[in-house]
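**Student:** Mapping to the UniProt record's numbering: the sequence shown position 154 is 154, numbers consecutive.
Where is the CB? At the ideal position from N, CA and C, for every residue including glycine.
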Amino acid sequence: MSKCAIKEFFMNKNEKENNDFLETPLRRSDSGSSHRKVSPHSRRRKICAALLVVVLVAFYGAGVYVHGLLGAAEKTLNKTYQKTNVKKLRNVSQVLKEKKPFSILLLGTDTGDLGRSDKGRTDTIIIATINPETKRATLTSIPRDTQVKVSGDSSAYEKVNAAYTSGGTTAAVKTIQNTLHIPLDFYLLVNMGGLRKLVDAVGGVTLTPLLTFSYSDANVTKGKTVKLNGKEALAYSRMRYTDPEGDYGRQKRQKQVIEAIVNKLLSVTSLSNYQKILNTVQSNMQTDLTYDDMITIETNYKAAAGSIKSYVLKGEDATIDGLSYQVASATEKKKVSDRIRKELGLSASTETFVDQIGGSSTTTNSSTTTGSSYGTYSNGSTSNYGTGTNGTGTSGSTYSPGGGGYSNNGY
1 MSKCAIKEFF
11 MNKNEKENND
21 FLETPLRRSD
31 SGSSHRKVSP
41 HSRRRKICAA
51 LLVVVLVAFY
61 GAGVYVHGLL
71 GAAEKTLNKT
81 YQKTNVKKLR
91 NVSQVLKEKK
101 PFSILLLGTD
111 TGDLGRSDKG
121 RTDTIIIATI
131 NPETKRATLT
141 SIPRDTQVKV
151 SGDSSAYEKV
161 NAAYTSGGTT
171 AAVKTIQNTL
181 HIPLDFYLLV
191 NMGGLRKLVD
201 AVGGVTLTPL
211 LTFSYSDANV
221 TKGKTVKLNG
231 KEALAYSRMR
241 YTDPEGDYGR
251 QKRQKQVIEA
261 IVNKLLSVTS
271 LSNYQKILNT
281 VQSNMQTDLT
291 YDDMITIETN
301 YKAAAGSIKS
311 YVLKGEDATI
321 DGLSYQVASA
331 TEKKKVSDRI
341 RKELGLSAST
351 ETFVDQIGGS
361 STTTNSSTTT
371 GSSYGTYSNG
381 STSNYGTGTN
391 GTGTSGSTYS
401 PGGGGYSNNG
411 Y
């Protein structure tokens, strides 16, 4: 694949020094056979650098080749491997072997960033599907304030970005799977604090700001091209409160920064610069993709570079118990689920989708009120689009389910 083709893949415009993760290399076990072995000679011919930054760069694809770094790349990526406690819903080894569409949950957290010492929250959540048959990749963003039932959490509801804080990647994967009734074949977690180090490793990035603002280390003017260092790029990609588009605007700027990084990666040729990139990856990435998986994906899934389409799980603003949420309807969840499953070659789920708070009014006091409880959207028949039932709940705290729940079955 030429550099021009790689750049076209990443820049598709059709649609809009501390290790913070576990370093022990574990191996994935699932119901399938072991991975196909790739010969050392083949590996030496081409290494996928996008899968060195897999999805910070692979958020938008794969395909930058690096020569002469086989040993360093494989050693680095093996150290980023960390499986979850989630049982695979599909035989992922077989999926890749047969060149079938696959999914990957992309998570961007802020561990260790801006002085934080805790696990952080996943403020960037994207479900990617890669389909070599249709020659298409899709990216579905889940706004961080989306209200969900977090797997393993006793709370009635939470923001989706709290799942990782609550139970790590296991809870994050389970929560998304249970909310949308989709199989997530892999996950990839990137520490957004590592974004700063990555930008510095490539010598800074050049971009044209989408709006004028001053935030932390970033002072930018709309339309005025500027070169940003790591701290400035991180601040530029994080700000949302003065953006009229809020979290959606921030997602656009994050994508813009990633595209700028890709441009620099395509121009970096020295071994020393790539070693800096490898060092950054090792400290700031965690995934259950093995090195062999990455080589297989690079070999078998290039065709998916033909088209990239972006989507968002849409919700409505709601203030609940003093906190702001995005509440996606059962209808919206089903629409997103159906689209993702179709991209994966799967039929629509027969599970029930829920409206987390239905039509109830919400206040910050503890008075009892009567309103709609969790509405449901059932796919039991083409006309059975269930509605929320009336129930009594405590306003601003707990909502009583009016039907339908989560299940891991039926994938």
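Distance, Cα to Cα, Ser151 vs Gly120?
**Tutor:** Spanning the two alpha carbons is a distance of roughly 17 Å.
**Student:** So is Thr87 buried or exposed if we call it buried at 16+ other beta carbons inside 10 Å?
**Tutor:** Looking at the sequence shown, residue 87 is not Thr but Lys. By the 10 Å Cβ count, Lys87 comes out exposed.
**Student:** I think Thr124 touches Asp288, with their Cβ atoms under 8 Å apart; what is that distance to the nearest whole Å?
**Tutor:** About 18 Å; that fails the 8 Å criterion.
**Student:** To the nearest angstrom, how far is it from the Cα of Arg90 to the Cα of Asn178?
**Tutor:** Going from the Cα of Arg90 to the Cα of Asn178 covers about 15 Å.
**Student:** Just the C-alpha distance for Ser93 and Thr225, rounded to the nearest angstrom, thanks.
**Tutor:** Taking the straight line from one Cα to the other gives about 45 Å.
**Student:** Are the CB atoms of Leu105 and Ile127 within a distance shorter than 8 Å?
**Tutor:** In this structure, Leu105 lies closer than 8 Å to Ile127 by Cβ.
**Student:** Any heavy atom of the ligand COA closer than 7 Å to the Cβ of Val281?
**Tutor:** With respect to small molecules bound, the structure shown includes none, and the ligand COA cannot be examined in it.
**Student:** Contact between the region 328-339 and the region 347-355: three or more CB pairs below 8 Å?
**Tutor:** Yes: the two stretches touch, three or more of their Cβ pairs being nearer than 8 Å.
**Student:** Does Val64 come out as helix, strand or coil in the three-state DSSP assignment?
**Tutor:** In this prediction, Val64 scores a pLDDT of 37, lower than 50, which makes its location untrustworthy; the coordinate-derived value is nonetheless stated afterwards. In this structure, Val64 counts as coil in the three-state DSSP scheme.
**Student:** Please name the residue or residues paired with Gln147 in a DSSP beta bridge.
**Tutor:** Paired residue(s): Lys159.
**Student:** For the candidate residues Leu77, Glu259, His181 and Met285, whose alpha-carbon lies nearest to that of Asn169?
**Tutor:** Checking the sequence shown, residue 169 turns out to be Thr, not Asn. Ranking the options by Cα distance to Thr169, first place goes to Met285.
**Student:** Is Leu323 helix, strand or coil by DSSP?
**Tutor:** Strand at Leu323.
**Student:** Rounded to the nearest angstrom, what separates Tyr385 and Ala156 at their Cα positions?
**Tutor:** Below a pLDDT of 50, predicted positions are generally treated as unreliable, and Tyr385, at 27, falls in that range; the measurement from the model is reported next regardless. Roughly 23 Å between the two C-alpha positions.
**Student:** DSSP beta-bridge partners for Arg136?
**Tutor:** Note: Arg136 sits in a beta bridge opposite Asn131.
**Student:** Quick check on Val202: does DSSP put it in helix, strand or coil?
**Tutor:** Val202 falls in the coil class under three-state DSSP.
**Student:** Am I right that Met192 and Leu234 are in contact with their C-beta atoms under 8 Å? What's the rounded C-beta distance?
**Tutor:** Sure, about 7 Å apart at Cβ, within 8 Å.
**Student:** Rounded to whole angstroms, what's the CA-CA distance from Ala201 to Ser103? Just pull it up for me.
**Tutor:** Rounded to the nearest angstrom, the two C-alpha atoms are 29 Å apart.
**Student:** Can you tell me which of the three DSSP states Ile277 falls into?
**Tutor:** Correct three-state label for Ile277: helix.
**Student:** Hey, could you find the ends of the alpha helix (DSSP H) Gln94 is sitting in?
**Tutor:** Counting along the chain, the alpha helix (DSSP H) containing Gln94 begins and ends at Val92 to Lys97.
**Student:** Using 10 angstroms around the beta-carbon of Gly194, count the other beta-carbons present and answer buried if the total reaches 16, otherwise exposed.
**Tutor:** So Gly194 counts as buried.
**Student:** Beta-carbon within less than 7 Å of Gly345's beta-carbon, same chain only, minus the 5 sequence neighbours each way: which residues are those?
**Tutor:** Only Lys100 and Pro101 meet the Cβ criterion.
**Student:** Taking buried to mean at least 16 other C-beta atoms within 10 Å of its own C-beta, is Asn379 buried or exposed?
**Tutor:** Bear in mind that a pLDDT of 36 at Asn379, under 50, signals an unreliable position, so the number given afterwards is only what the model happens to contain. Under this definition Asn379 is a buried residue.
**Student:** Using the Cα positions of Thr382 and Ser337, report the straight-line distance between them to the nearest angstrom.
**Tutor:** Only weak support is given to the placement of Thr382: the predicted model assigns it a pLDDT of 28, under 50, and the question is left unresolved by the model.
**Student:** My understanding is that Val205 touches Ile261, with C-beta atoms under 8 Å, so please give their C-beta distance in whole angstroms.
**Tutor:** Right, their Cβ atoms sit about 6 Å apart.
**Student:** Can you name, in chain order, every residue of its own chain whose Cβ lies under 6 Å from the Cβ of Lys314, other than the five neighbours on each side?
**Tutor:** Closer than 6 Å at the Cβ level, and outside the excluded window around Lys314, lie Glu332.
**Student:** Could you tell me the distance, in whole angstroms, from the CA atom of Asp292 to the CA atom of Asn279?
**Tutor:** Cα to Cα, the separation comes out at about 20 Å.
**Student:** Roughly how many angstroms lie between the CA atoms of Ser310 and Gln275, to the nearest whole one?
**Tutor:** If I take the Cα positions, the gap works out to 32 Å.
**Student:** Measuring CA to CA, which of Ile176, Asp185, Val173 and Thr242 is closest to Leu210?
**Tutor:** Considering only alpha carbons, the answer is Thr242.
**Student:** Here's the rule: buried if 16 or more other CB atoms are within 10 angstroms of the residue's CB, otherwise exposed. What is Glu298?
**Tutor:** Glu298 comes out buried.
**Student:** Where does Gly249 sit, in a helix, a strand or coil, going by DSSP?
**Tutor:** The answer is helix: DSSP assigns Gly249 an H, G or I state.
**Student:** Looking at C-alpha atoms only, which residue of Tyr215, Gln82, Phe213 and Thr221 is the closest neighbour of Phe186?
**Tutor:** Of Tyr215, Gln82, Phe213 and Thr221, the residue nearest in Cα terms is Gln82.
**Student:** Sort Ala137, His181 and Gln254 by Cα distance to Ala303 and report the nearest one.
**Tutor:** Ala303 has its Cα closest to that of Ala137, out of Ala137, His181 and Gln254.
**Student:** Evaluate Gly322 with the Cβ neighbour count: other Cβ atoms within 10 Å of its Cβ, from every protein chain shown; 16 or more gives buried, anything less gives exposed.
**Tutor:** Exposed, by the Cβ-count rule.
**Student:** In terms of residue numbering, what span does the alpha helix (DSSP H) encompassing Val336 cover?
**Tutor:** Counting along the chain, the alpha helix (DSSP H) containing Val336 begins and ends at Ala330 to Glu343.
**Student:** If you reduce the DSSP assignment to three classes, tell me which class Ala58 lands in.
**Tutor:** Reliability fails at Ala58, whose pLDDT of 38 lies under 50, so the model's placement of it is uncertain and the value that follows must be treated cautiously. Ala58 falls in the helix class under three-state DSSP.
**Student:** Does DSSP put Lys83 in a helix, a strand or coil?
**Tutor:** Coil, per DSSP.
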